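There are 2 protein chains.
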Amino acid sequence: MQQIKILMVEVEMAKRILILGGDGFCGWPTALRLSGQGFEVAIIDNLSRRNIDNELCCESLTPIQSIRTRLQTWAEISGKEIPFSHLDIARQPEQLLASIKTWQPEAIVHFAEQRAAPYSMKSAWHKRYTVDNNVSGTNNLLAAIVESGLDIHLVHLGTMGVYGYGRVDGASIPEGYLPVKIETEMGWQETDILHPADPGSVYHTTKTIDQLLFYFYNKNDNLRITDLHQGVVWGTQTPETAQHPALINRFDYDGDYGTVLNRFLMQAAIGHPLTVYGSGGQTRAFIHIRDTVRCIQLAVEHPPAADARVEIFNQVTETWTIAELAEKVARISGAEIRRYQNPRKEAAQNKLVVDRDKFMSLGLNPTTLDQGLLGEVVEIAQRYKERCVIERILPSSRWTKAQQLDSDGQAVENPNHSRSKNVAG
Amino acid sequence: MQQIKILMVEVEMAKRILILGGDGFCGWPTALRLSGQGFEVAIIDNLSRRNIDNELCCESLTPIQSIRTRLQTWAEISGKEIPFSHLDIARQPEQLLASIKTWQPEAIVHFAEQRAAPYSMKSAWHKRYTVDNNVSGTNNLLAAIVESGLDIHLVHLGTMGVYGYGRVDGASIPEGYLPVKIETEMGWQETDILHPADPGSVYHTTKTIDQLLFYFYNKNDNLRITDLHQGVVWGTQTPETAQHPALINRFDYDGDYGTVLNRFLMQAAIGHPLTVYGSGGQTRAFIHIRDTVRCIQLAVEHPPAADARVEIFNQVTETWTIAELAEKVARISGAEIRRYQNPRKEAAQNKLVVDRDKFMSLGLNPTTLDQGLLGEVVEIAQRYKERCVIERILPSSRWTKAQQLDSDGQAVENPNHSRSKNVAG
Chain B
1 MQQIKILMVE VEMAKRILIL GGDGFCGWPT ALRLSGQGFE VAIIDNLSRR
51 NIDNELCCES LTPIQSIRTR LQTWAEISGK EIPFSHLDIA RQPEQLLASI
101 KTWQPEAIVH FAEQRAAPYS MKSAWHKRYT VDNNVSGTNN LLAAIVESGL
151 DIHLVHLGTM GVYGYGRVDG ASIPEGYLPV KIETEMGWQE TDILHPADPG
201 SVYHTTKTID QLLFYFYNKN DNLRITDLHQ GVVWGTQTPE TAQHPALINR
251 FDYDGDYGTV LNRFLMQAAI GHPLTVYGSG GQTRAFIHIR DTVRCIQLAV
301 EHPPAADARV EIFNQVTETW TIAELAEKVA RISGAEIRRY QNPRKEAAQN
351 KLVVDRDKFM SLGLNPTTLD QGLLGEVVEI AQRYKERCVI ERILPSSRWT
401 KAQQLDSDGQ AVENPNHSRS KNVAG
Chain A
1 MQQIKILMVE VEMAKRILIL GGDGFCGWPT ALRLSGQGFE VAIIDNLSRR
51 NIDNELCCES LTPIQSIRTR LQTWAEISGK EIPFSHLDIA RQPEQLLASI
101 KTWQPEAIVH FAEQRAAPYS MKSAWHKRYT VDNNVSGTNN LLAAIVESGL
151 DIHLVHLGTM GVYGYGRVDG ASIPEGYLPV KIETEMGWQE TDILHPADPG
201 SVYHTTKTID QLLFYFYNKN DNLRITDLHQ GVVWGTQTPE TAQHPALINR
251 FDYDGDYGTV LNRFLMQAAI GHPLTVYGSG GQTRAFIHIR DTVRCIQLAV
301 EHPPAADARV EIFNQVTETW TIAELAEKVA RISGAEIRRY QNPRKEAAQN
351 KLVVDRDKFM SLGLNPTTLD QGLLGEVVEI AQRYKERCVI ERILPSSRWT
401 KAQQLDSDGQ AVENPNHSRS KNVAG
């Protein structure tokens with residue numbers, strides 16, 4: 001009896017996980033985390049993020065090794081093999097299905113989407129690429145899970161941006177579902193609905209589209225799905241990626257892929273003014289990459305019931321205005337703050353209160369900005385600043401044809417655009 | 001002065017319209033209607049509907065001429081040329097942009113989507129095709145309109161299916177936007193939101209996705225967009241298509257593309273029992289194809305203001321249960337009614353009350369089923385019944401792997417499907 005019990009525990013530990021986009025900024029540390037925690041992990045990635053580095057002429061500040069070297073290093077350090085398949089889930093759906101049937105994962109973690117809002121707005125081509133890649137990829141995956149006949153828990157990385165930042169009423173953003181009252185024959189009745197979508201870029205729009213695909217496949221095929229609406233990620237290393245230089249995670253600081261805090265840290269390190277777009281009154285939600293990978297593990301370990309609706313978590317740990325962020329970085333580094341006309345089309349300022357009880361109740365103990373910021377400055381931004389391509393720091397994408405960017409990266413009115421007068425600055 | 005006035009009237013009359021999907025069931029009669037009413041019309045179509053006829057081994061009951069013959073005939077009868085471009089908007093976005101720049105349309109009417117729910121559910125391939133075709137096509141179009149810099153009014157054919165049929169509270173479905181109360185710091189406040197989406201198939205999901213794309217491009221780029229949520233279309237001919245046999249419109253009666261009423265009419269004509277799926281208590285909204293083309297013209301003639309949100313009309317004229325429809329057809333034809341287990345996953349019965357004031361207030365005077373049904377039986381179903389392929393009448397698509405179809409087209413439980421127990425019949 002004793003022996004049988006141990007065997008069952010081992011079978012349960014060796015849960016098979018397939019990570020789509022496992023070479024990327026969130027995917028790579030998640031793969032190592034889960035592998036290190038005893039899951040059997042396999043990665044699928046089309047290496048598109050490396051190709052976009054080529055397109056944008058800007059690499060990660062931290063030196064990234066080839067996926068082959070990364071995986072060999074991890075195998076040497078941990079004794080754990082992570083199989084890798086170079087595969088495009090948006091364009092090779094049959095191979096995706098074959099991989100699922102072969103690997104028979106209990107869970108699939110889906111990061112395989114183009115994830116930069118500015119990149120998605122660069123041109124008509126970039127809008128099309130983002131929609132084709134993200135929407136077809138997600139739909140191909142859902143259709144493949146159904147086709148496989150396997151009971152697979154899909155964990156997807158969404159974004160806080162699905163909710164929009166337009167609410168000025170001070171109410172908290174719930175975790176996915178909004179209680180509303182609707183008028184019926186019997187008067188106003190309370191119900192709850194998927195939170196109305198208010199995306200701010202083509203990239204964010206694809207994540208709101210994912211929600212509709214999840215809604216349908218969950219309703220029609222009873223797929224188990226968890227959607228994680230993540231805030232802006234900051235930080236670079238996790239305990240696993242810090243174990244060897246060849247395992248280091250990405251640090252993007254450019255105007256397209258660099259999230260706001262990483263841009264500020266880089267700017268401070270090289271003595272460039274901190275580029276605050278507009279008033280700086282935009283409030284955003286943040287999470288450290290260490291907490292991202294913990295949240296993913298918690299989500300994988302807590303699948304929704306077979307007949308449950310799509311589970312939605314807000315994957316954020318704190319909220320700050322952009323101006324507050326800039327001040328924090330300036331305090332540590334002595335950097336100057338400079339305001340730029342906003343190349344994005346967004347509210348000049350907003351309140352943001354976010355429900356985040358679910359991960360807290362599952363035991364998440366977050367790393368706060370005030371704890372971790374100095375370490376990032378010293379260990380990443382200062383250490384690798386020689387690798388920085390200065391001209392890539394400024395914005396190079398604009399949201400509408402009513403704007404153009406001058407040589408200093410400042411967004412200015414486009415005098416040739418006919419609809420300019422209708423477009424808010 | 002008199003001369004100048006006449007010239008201005010003529011310029012206004014010759015509004016240029018680009019019709020995407022102008023060879024299809026709704027697109028073709030719309031093209032002729034608008035051409036006949038004095039608009040300058042051009043058609044883009046990839047002829048995919050004709051190719052799907054080949055795939056399904058089933059043609060329109062009415063004999064359809066080549067697009068070349070159709071257009072030549074129309075030119076001879078009306079004296080009006082309709083330029084045609086064989087182009088796939090989902091796969092040839094650069095050519096789409098070039099066509100828009102060349103034609104400089106004031107309005108684009110967008111029918112270029114795979115439009116059959118059962119076809120979208122046939123297999124993983126069909127799910128992927130429907131999403132890739134419909135979502136990429138719509139996004140390509142929106143990105144091209146922005147890129148063109150032209151002030152173009154986009155009129156899109158949506159579906160009543162975006163709302164779902166799940167409401168049992170007897171409240172009327174509004175035209176696109178639902179008044180709700182949301183809890184704020186100051187208590188429950190009334191606002192209105194895009195009606196929550198509840199699609200019933202992958203096809204319907206793509207139309208809910210279109211809504212999100214419209215929402216974003218309208219917000220970001222001030223595009224003028226009208227979305228028409230149409231009910232089930234019945235009928236075949238319009239005054240324009242009836243002018244010559246080579247102009248005749250499609251009549252689809254098969255289990256995939258045939259809408260319910262056309263299937264019943266065909267079944268009655270050949271002495272097949274009327275195939276009612278499930279209880280027949282499902283209520284649906286209907287509109288005659290003659291009213292479809294009138295509605296499109298009204299929408300084209302009433303563009304939203306440049307800074308208005310997306311305009312949404314419900315394009316329906318009456319509602320009936322499927323059982324009521326079958327009884328109407330049985331009364332006229334003497335056909336027997338037979339109930340089939342439902343191959344679709346949908347509520348066994350539902351109420352459906354639909355707001356439809358907007359088109360009525362613009363002057364729509366609808367053709368009702370009770371007025372038009374007998375004509376359809378005699379002029380189309382009876383007249384062309386020799387062309388019917390009987391084995392294509394029964395359903396050949398099932399919504400979930402929990403079901404399979406037997407040789408008689410009856411949906412039965414799939415004993416080999418592991419998730420069967422969780423899936424409602």
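Which chain is which? The protein sequence lines are B and A, in order. In terms of my numbering, the first sequence is residues 1 to 425. In terms of my numbering, the second sequence is residues 1 to 425. From the three backbone atoms N, C-alpha and C, an ideal C-beta is built for every residue, glycine too. Treat the numbers as computed from the prediction; the structure is a model and nothing was measured.
Secondary structure of residue i, DSSP reduced to three states
| i | result |
| --- | --- |
| residue 74 of chain A | helix |
| residue 48 of chain A | helix |
| residue 151 of chain A | coil |
| residue 242 of chain A | helix |
| residue 120 of chain B | helix |
| residue 362 of chain B | coil |
| residue 204 of chain B | helix |
| residue 426 of chain A | Only positions 1 to 425 of chain A appear in the structure, and residue 426 of chain A is not among them; the question remains open. |
| residue 11 of chain A | Unreliable placement is indicated for residue 11 of chain A, whose pLDDT of 47 sits below 50; the coordinate value is still reported in the next sentence. Helix, per DSSP. |
Interface residues of chain A facing residue i [CB-CB closer than 9 Å]
| i | result |
| --- | --- |
| residue 136 of chain B | 128, 131, 132, 135 and 136 |
| residue 373 of chain B | Within 9 Å Cβ-Cβ: nothing; residue 373 of chain B doesn't reach chain A, min ~31 Å. |
| residue 274 of chain B | In chain order: nothing, as chain A lies at least about 26 Å away. |
Where residue i falls, given that 16 or more other Cβ within 10 Å makes a residue buried
| i | result |
| --- | --- |
| residue 114 of chain B | buried |
| residue 361 of chain B | exposed |
| residue 40 of chain B | buried |
| residue 378 of chain B | exposed |
| residue 136 of chain B | buried |
| residue 28 of chain A | buried |
| residue 305 of chain B | exposed |
| residue 57 of chain A | exposed |
| residue 374 of chain A | exposed |
| residue 2 of chain B | Only weak support exists for where residue 2 of chain B lies, its pLDDT of 47 falling under 50; the value from the coordinates is given anyway. Per the 10 Å Cβ criterion, exposed. |
| residue 86 of chain A | exposed |
| residue 331 of chain A | exposed |
Contact set between residue i and chain B, taken where Cβ atoms lie within less than 7 Å
| i | result |
| --- | --- |
| residue 400 of chain A | 220 and 221 |
| residue 20 of chain A | The contacting residues do not exist; residue 20 of chain A stays about 16 Å from chain B at best. |
Chain A within 7 Å of residue i, Cβ atoms only
| i | result |
| --- | --- |
| residue 106 of chain B | no |
| residue 51 of chain B | no |
| residue 212 of chain B | yes |
| residue 185 of chain B | yes |
| residue 197 of chain B | yes |
| residue 345 of chain B | yes |
| residue 209 of chain B | yes |
| residue 225 of chain B | no |
| residue 90 of chain B | no |
| residue 424 of chain B | Because residue 424 of chain B sits at a pLDDT of 32, beneath the cut-off of 50, its placement in the model cannot be relied upon, and the point is left open. |
| residue 145 of chain B | no |
| residue 312 of chain B | no |
| residue 348 of chain B | no |
| residue 124 of chain B | yes |
Chain-ordered neighbours of residue i on chain A, where CB pairs are closer than 7 Å
| i | result |
| --- | --- |
| residue 158 of chain B | None at all; the shortest Cβ gap to chain A is about 14 Å. |
| residue 304 of chain B | Those do not exist, as residue 304 of chain B stays about 12 Å from chain A at its closest Cβ, beyond 7 Å. |
| residue 205 of chain B | 212, 213 and 216 |
| residue 140 of chain B | 128 |
| residue 93 of chain B | 128 |
Closer than 7 Å to chain B by CB, residue i
| i | result |
| --- | --- |
| residue 171 of chain A | yes |
| residue 46 of chain A | no |
| residue 180 of chain A | yes |
| residue 1 of chain A | Per-residue confidence for residue 1 of chain A stands at a pLDDT of 43, beneath the threshold of 50, marking its modelled position as unreliable; the derived number appears in the next sentence. No, residue 1 of chain A does not count as interfacial toward chain B. |
| residue 193 of chain A | yes |
Proximal residues of chain A, C-beta to C-beta of residue i below 8 Å
| i | result |
| --- | --- |
| residue 28 of chain B | Going along chain A, no residue has its Cβ under 8 Å from residue 28 of chain B, so there is no contact; the nearest lies around 28 Å. |
| residue 354 of chain B | By Cβ distance, chain A contributes nothing, its closest Cβ being about 15 Å from residue 354 of chain B, past 8 Å. |
Is it true that the stretch 200–213 of chain A meets the stretch 116–129 of chain A, where meeting means three or more beta-carbon pairs spaced less than 8 Å apart?
-> Contact holds: three or more Cβ-Cβ distances are below 8 Å.
Count the CB pairs spanning the stretch 313–327 of chain A and the stretch 276–292 of chain A that are closer than 8 Å, and state whether there are at least three. The stretch 313–327 of chain A, when compared against the stretch 276–292 of chain A, does touch it at the 8 Å Cβ threshold.
Margin query: Below 8 Å, how does it come out for the stretch 392–403 of chain B and the stretch 215–229 of chain A: are there three or more Cβ pairs, yes or no?
Written below: Yes, they touch.
Next on the checklist: With three or more beta-carbon pairs closer than 8 Å as the criterion, would you say the stretch 292–302 of chain A touches the stretch 227–245 of chain A?
Outcome noted: Under the Cβ criterion (8 Å, minimum of three pairs), the stretch 292–302 of chain A counts as touching the stretch 227–245 of chain A.
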